[in-house]
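Chemist:
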Amino acid sequence: MKKPIWRLTTVVGIVTAVAVAMTVSASAHSTKANTVKAGGTLNVGWEQSFGFTDNMDPTGEYLGDAFGILTNLLVRTLVSYNHDANAAGNKIVSDVASNVPQPTNGGKTYTFHLKSGIKFSPPVNRAVTSHDFVTSLQRLANPKDGGQYAFYYKVIKGWDAYAAGKAKSISGISTPNNSTIVFNLTAPTGDFLYRMSMPATGPMPAEVTKCFEGQAGKYAGDLISTAGYMINGIDKVDISSCGALKAASGFNALSLIDLVRNPNYDQKTDPTRKNYVDEVRFIVNASSTDIANKVEAGQLDMWTGSIPPSVLKKYATSSNLKQYFHQNPGDRTWYLTMNLTQPPFDDVHVRKAMNWVIDKAALRQTWGGPTVGTIANHIVPDTLFNFRLQEFTPYKTAGDHGDAAKAKAAMKGSKYSTGSSGMCDASACKNVLLVSDTRGVDPGMVATIQQDAKKIGITFKVRQINGAYPTIQTPSKNIPIAERPGWGKDFADPVTFFEPLFDGRTIIPNGNTNYSLIGITPAQCKTLKVTGDCKNIPSINSQIDKCEPLLGGPRTVCYENLDKTLMLKIVPWVPWMWSTVTRITSTNVTHYQYDQFSTTPAYSQISVK
Amino acid sequence: MTAATDLLNPSGSGFTETRSASRLFWERFREDKVALVATGVIVLLILIAIFGGPLAARLTGHPNDEQYQNLMQDSFGLPKGPNSQFLFGSDGEARDLLVRTMYGARTSLIVGVVASGIAVLIALVVGLVAGYFRGFVDTSLSRIGDVMLAMPQLLISIGIVAACSSNKDGCVIYGPIAIQPGIALVICVIVIFSWPYIARIVRGFTLSIREKEFVEASRSLGAGDFRIIFREILPNLIGPIIVYTTLLIPQSILFEAALSYLGLGVPPDVASWGGLLNDAQRFYDTAWWLMLFPGLFLVITTLAFNLLGDGLRDALDVRGDR
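Sequences listed follow chains A and B, in order.
Heads up: the first sequence begins at 1 in this note's numbering, then just goes up one per residue.
Heads up: the second sequence begins at 610 in this note's numbering, then just goes up one per residue.
1. Measure the CB-CB distance between alanine 880/B and threonine 669/B and report whether it falls below 8 Å.
2. Which residues does DSSP list as the beta-bridge partners of glutamate 279/A?
3. Since threonine 448/A meets chain B, which of its residues come closer than 7 Å, beta carbon to beta carbon?
4. So, are the CB atoms of leucine 517/A and threonine 341/A less than 8 Å apart?
5. Of all the CB atoms in chain B, is at least one closer than 8 Å to the CB of glycine 463/A?
6. My assumption, with CB atoms under 8 Å, is that proline 572/A sits in contact with methionine 338/A. Please give the rounded CB distance.
7. Distance cutoff 8 Å, beta carbons only. Does glutamate 702/B sit that close to anything in chain A?
8. Excluding five sequence neighbours on each side, which residues of the same chain lie with their C-beta closer than 7 Å to the C-beta of glycine 228/A?
9. So phenylalanine 892/B packs on leucine 687/B, CB below 8 Å; how close in whole Å?
10. Between the region 466-493 of chain A and chain B, which residues of the former have CB atoms less than 7 Å from a CB of the latter, in chain order?
11. Check the Cβ-Cβ distances between lysine 313/A and every residue of chain B, and say whether any is below 8 Å.
12. Would phenylalanine 697/B count as contacting chain A if we go by Cβ distances under 8 Å?
13. So aspartate 331/A packs on glycine 488/A, CB below 8 Å; how close in whole Å?
14. Could you tell me if cysteine 558/A is buried or exposed, where buried requires 16 or more neighbouring beta carbons within 10 angstroms of its beta carbon?
15. Looking at the unbroken alpha helix (DSSP H) that takes in serine 717/B, where does it start and where does it end?
16. Under three-state DSSP, which class holds tyrosine 620/A?
17. Which runs of the beta strand (DSSP E), 3 residues or longer, sit entirely within the region 156-209 of chain A?
18. Cα separation between isoleucine 393/A and histidine 378/A?
19. Would you say serine 604/A faces chain B, with C-beta separation under 8 Å as the test?
20. Alpha carbon to alpha carbon, what distance is there between proline 663/B and asparagine 692/B?
21. Assign cysteine 534/A to one of three DSSP states: helix, strand, or coil.
22. I want to know whether the region 534-542 of chain A touches the region 582-598 of chain A - three or more CB-CB distances under 8 Å.
23. If you measure between the beta carbons of methionine 204/A and arginine 139/A, is that distance less than 8 Å?
24. Mind reading off the beta-carbon distance from glycine 217/A to aspartate 54/A? Whole number of angstroms is fine, and I expect it under 8 Å.
25. With a threshold of 8 Å between beta-carbons, can alanine 771/B be considered close to chain A, or not?
26. Which residue from Gly250/A, Leu528/A, Leu259/A and Cys534/A puts its Cα closest to that of proline 522/A?
27. When you compare the CB of phenylalanine 814/B with every CB in chain A, is at least one pair closer than 8 Å?
28. Distance check for leucine 730/B and proline 601/A, CA to CA, integer angstroms please.
29. Please list, in chain order, the chain B residues whose beta carbon lies closer than 9 Å to that of glutamine 451/A.
30. Go ahead and label valine 124/A buried or exposed: buried means 16 or more other beta carbons lie within 10 angstroms of its beta carbon, across all protein chains shown.
31. Quick check on the burial criterion: 16 or more other C-beta atoms within 10 angstroms. Buried or exposed for threonine 527/A?
32. Quick check: the Cα distance between valine 682/A and valine 608/A, rounded to an integer number of angstroms?
33. In this structure, what does DSSP give as the bridge partners for serine 699/B?
34. Skipping 5 residues on each side, what residues in its chain have a beta carbon closer than 6 Å to that of alanine 808/B?
35. Tell me, please, whether the CB atom of proline 443/A is closer than 8 Å to any CB atom in chain B?
36. Counting pairs of beta carbons, one from the region 112-120 of chain A and one from the region 290-304 of chain A, are three or more of them closer than 8 Å?
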């Protein structure tokens, strides 16, 4: 029987209507989380106090979470970023400078011209000049003012003399006029522009900072802003004398940072920050569960802190909550570090065997599974090489679960493997000291590492330390292996991995970050009380020096090759994860953006209802 | 007269039967049903500590340190709960919680018993010497004990454990003698802070006993200090010592649990109830079994030792109601 045409038309009509309705509904659903709207207050839950590394004082503050606040909301620098996710967010753009300068004088001179119309917030209320950059850099150079990454600027002529108190100014910095600043370097430095994007280099008014000379970490409460926001109450601070100066009411390092709009900020001078909301409040709350509940209830809008696996699962799997769950590359490598001076890791075959045998997927599972990161196959996160080393996976195993057979094959060449079984059977392989932290996920990682290493004959004596970093950062402790380390970029250049982590010249008695002691010399070993075999420790110092002056493509290729050298010939680490930054937001957030530079939410680009 | 005699001597013999101290103790103790049950529980716990771990591993086929991530963890790293293969579910590291809890009994009891035993031994020596010799010796030893009691135990313990964990050699005492982090260090820490309590009690008893007539008699017959201490005073301290030791054991177990809960106890690869409870913190909102089973064993053990201690005290105290 033939169906009447009207009936068919009706069915088609209904289906079409439903489809249209669904499409409209879906698009409304998606715009709900992506509609930009100006105004409102962004409330951010904060799991710890704002003590950070230098109490939020831009001169010394060295934590990514703080960089996110400073560079998005308070401090403008000569050059900066678009406060965007992925590669776009790692690209240098001009900020206070009118353009991104090209180096002259064989890569040793950088000249910046300042934009007009950029002013300090109240109570300073005057235009920013080139001299204000000199103020901040001199503060950074003075060891008493707390600068924690001052080493990046030693390349500026006269820096060390000023830092040592032997000169009254930094000879390599000149200010021909109020809107020009010139940097003369001792050697070509390919990443100098990145260094000038760090918040410590942002302009500071000498009339305020003079009150904080020799007082590391104290300027934060009276930070004079140049960006879209300022500390609430800073306009009421009396700067007429240092005696009268009090911290702004909107800053309490233990409980709250309250930021409001900066009336002196001219949006036209700043194409990188959108500044949607009227107010941003960072509220300390020690309970991660409470923060999670408040974000879900809309009492807080987002959360900066480690999200428990149960909350991750809830947001990643719930169809309602998924749109409020954000994942972005963390530009951070987590790894097991092996000390090249300590048996049995003084043998490259053992280090290679460890790379083969460790179940990286299991380590990641302990942290929360694929949601929290991708498996790391080499030193520098793929994002920093624009994924050009994505195919470089020298110790790849099926499912990333490790391969005991390949590990044993690698071990066979070792002096610690006496038989033909490929087992590490010398006494040096037994009860090897493994330093771990007391952090929640560490016992699980230790269990995995022990289980895997046993397959190649290595057993561990585990030391669990509450805050393991100081111990593993002390070469005289002679720690053979540690499971704790992770390293994130300071800025989007591979040098931030190679110089602090693998340059033998940077090894220091305390706070050392070259845990593997690559490039250490017998003389250094003696001075630093390093036991074990210090002869013939491989070094990449000369390769680092070769890469450093290069720019652009050649620079990237140079560091890529260095990464390969480390993974194939020296093998100081078992890199196991490149972490993902996971964040949850409330239903109030209508637009979310990630800042790749600071690997935090791009607070200046987020809007709320 | 006859009737009265019969009442006093129902067996009809010429003399009233005298009962030894141990028989008196046993008669009083066996009337205390709670203490008897507690004794049974402790015996069971000791058996679990000795055989429980290996037996559970054998019966389940799950070795103590084996991880079962594919079976017992979801893709977010969350542990899975009890099922027919894993009766207690898995711990945060995807190991069999039943096996870990059984092995944990061994750690807890070793720490509890050994630490308490050493602490009591030290306390006995210090308390006896201080109470018997009095004067300068008493003042010196008592003040040392007072200083120890005034110290913030947990903070100092954290400091000691951290200091001994921060290098390869542990806490070097002298030359090659060093304390390595682990059970030995935890026991040392507990002993350091436990002995003064018992020493103070022993001193008090000693001060009292040394003035008794039988001690005076012994002294007048020419007995030396050593003989008086060991033959006259020490036997009279056995009762209180046993009681306080049984009360100290659960305290030591809880102290170990507290240190492990803070991540400062035994190494993470060694199962302990405190360590398991520490692990449970991360998953308290999703994995109830992590808190329940080790917690239950901890509560039962401490309760059993406390009830046994009460029972012993009642049975040994002839001035008691019963």
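Cβ coordinates follow ideal geometry from the N, Cα and C atoms, glycine included.
Here the structure is a predicted model, which means the values were calculated and not measured.
Modeler: So, to answer that:
1. Within the second sequence, the letter at position 271 stands for residue 880/B. Within the second sequence, the letter at position 60 stands for residue 669/B. No, the Cβ-Cβ distance between alanine 880/B and threonine 669/B is not below 8 Å.
2. In the first sequence, the residue the question calls residue 279/A occupies position 279. Thr41/A and Val260/A.
3. The sequence position of residue 448/A within the first sequence is 448, counting from 1. Among the residues of chain B, those whose CB is under 7 Å from the CB of threonine 448/A are Gln676, following chain order.
4. In the first sequence, counting from the first residue as 1, residue 517/A sits at position 517. In the first sequence, counting from the first residue as 1, residue 341/A sits at position 341. It is a contact, given that the beta carbons lie within the stated cut-off.
5. To locate residue 463/A, count along the first sequence from 1; it is residue 463. A small correction: the amino acid at residue 463/A is arginine; glycine does not occupy that position in the sequence shown. At least one C-beta of chain B is nearer than 8 Å to the C-beta of arginine 463/A.
6. If you number the first sequence from 1, residue 572/A lands on position 572. If you number the first sequence from 1, residue 338/A lands on position 338. About 6 Å separates the two Cβ atoms, so the contact holds.
7. The residue given as residue 702/B occupies position 93 in the second sequence. Judged by the 8 Å Cβ criterion, glutamate 702/B is in contact with chain A.
8. In the first sequence, the residue the question calls residue 228/A occupies position 228. Answer for glycine 228/A: Leu73, Arg261, Asn262, Tyr265, Arg273, Asn275 and Ser604, listed in chain order.
9. Translated into the one-based positions of the second sequence, residue 892/B becomes position 283. Translated into the one-based positions of the second sequence, residue 687/B becomes position 78. Contact annotation, phenylalanine 892/B with leucine 687/B: C-beta distance approximately 7 Å; criterion of less than 8 Å satisfied.
10. Considering only beta carbons, the part of the region 466-493 of chain A lying closer than 7 Å to chain B consists of Asn466, Thr471, Lys477 and Asn478, in chain order.
11. As a first step, residue 313/A must be located in the first sequence, where it is residue number 313. Proximity of lysine 313/A to chain B, defined by a Cβ-Cβ separation below 8 Å, is satisfied.
12. Position 88 of the second sequence, counting from 1, holds the residue named residue 697/B. It does not; no Cβ of chain A falls within 8 Å.
13. The sequence position of residue 331/A within the first sequence is 331, counting from 1. The sequence position of residue 488/A within the first sequence is 488, counting from 1. Taking C-beta atoms under 8 Å as the contact rule, aspartate 331/A and glycine 488/A qualify, at a distance of about 6 Å.
14. Sequence index remark: in the first sequence, residue 558/A carries index 558 (1-based). Flag for cysteine 558/A reads buried.
15. Position 108 of the second sequence, counting from 1, holds the residue named residue 717/B. Residues 706-742.
16. Here chain A has residues from 1 to 609 only, and residue 620/A is not among them.
17. DSSP runs (the beta strand (DSSP E)) wholly in the region 156-209 of chain A: 173-177 and 180-184.
18. For the purposes of this step, residue 393/A is taken as the residue at position 393 of the first sequence. For the purposes of this step, residue 378/A is taken as the residue at position 378 of the first sequence. Just to set this straight, residue 393/A is threonine in the shown sequence, not isoleucine. Rounded to whole angstroms, threonine 393/A and histidine 378/A show a C-alpha spacing of 7 Å.
19. Numbered from its first residue, the first sequence carries residue 604/A at position 604. So, not an interface residue.
20. As a first step, residue 692/B must be located in the second sequence, where it is residue number 83. As a first step, residue 663/B must be located in the second sequence, where it is residue number 54. So the alpha carbons of these two residues sit roughly 20 Å apart.
21. Numbered from its first residue, the first sequence carries residue 534/A at position 534. For cysteine 534/A, the secondary structure class from DSSP, reduced to helix, strand or coil, is coil.
22. When Cβ pairs closer than 8 Å are counted between the two stretches, the region 534-542 of chain A is seen not to touch the region 582-598 of chain A, the count staying below three.
23. Position 204 of the first sequence, counting from 1, holds the residue named residue 204/A. Position 139 of the first sequence, counting from 1, holds the residue named residue 139/A. Contact flag set, yes.
24. Along the first sequence, one-based indexing puts residue 217/A at 217. Along the first sequence, one-based indexing puts residue 54/A at 54. About 5 Å separates the beta carbon of glycine 217/A from that of aspartate 54/A, a gap short enough to meet the 8 Å contact definition.
25. Taking the first residue of the second sequence as 1, we reach residue 771/B at position 162. Closer than 8 Å: yes.
26. For this step, residue 522/A is matched to residue 522 along the first sequence. Proline 522/A has its Cα closest to that of Cys534/A, out of Gly250/A, Leu528/A, Leu259/A and Cys534/A.
27. For the purposes of this step, residue 814/B is taken as residue 205 along the second sequence, with counting starting at 1. No - not a single Cβ of chain A is within 8 Å of the one on phenylalanine 814/B.
28. Looking up residue 601/A in the first sequence gives position 601. Looking up residue 730/B in the second sequence gives position 121. C-alpha separation (whole angstroms): 60 Å.
29. In the first sequence, the residue the question calls residue 451/A occupies position 451. Against chain B, a Cβ distance below 9 Å from glutamine 451/A picks out Asp674, Glu675 and Gln676.
30. Indexing the first sequence from 1 puts residue 124/A at position 124. So valine 124/A ends up on the buried side.
31. Taking the first sequence and counting its residues from 1, the one referred to as residue 527/A is at position 527. By the neighbour-count rule (16 or more Cβ atoms within 10 Å), threonine 527/A is not buried but exposed.
32. Because residue 682/A is not part of the residues shown, which for chain A are 1 to 609, the question remains open.
33. Taking the second sequence and counting its residues from 1, the one referred to as residue 699/B is at position 90. According to the DSSP secondary-structure assignment, serine 699/B is paired through a beta bridge with Asp705/B.
34. Position 199 of the second sequence, counted from the start, is the residue given in the question as residue 808/B. Apart from the 5 residues on each side of it in sequence, alanine 808/B sits with its Cβ closer than 6 Å to the Cβ of Ala732, Val735, Gly736 and Gly754 in its chain, given in chain order.
35. As a first step, residue 443/A must be located in the first sequence, where it is residue number 443. It does: the Cβ of proline 443/A has a partner Cβ on chain B nearer than 8 Å.
36. They do not touch, by the three-pair rule.
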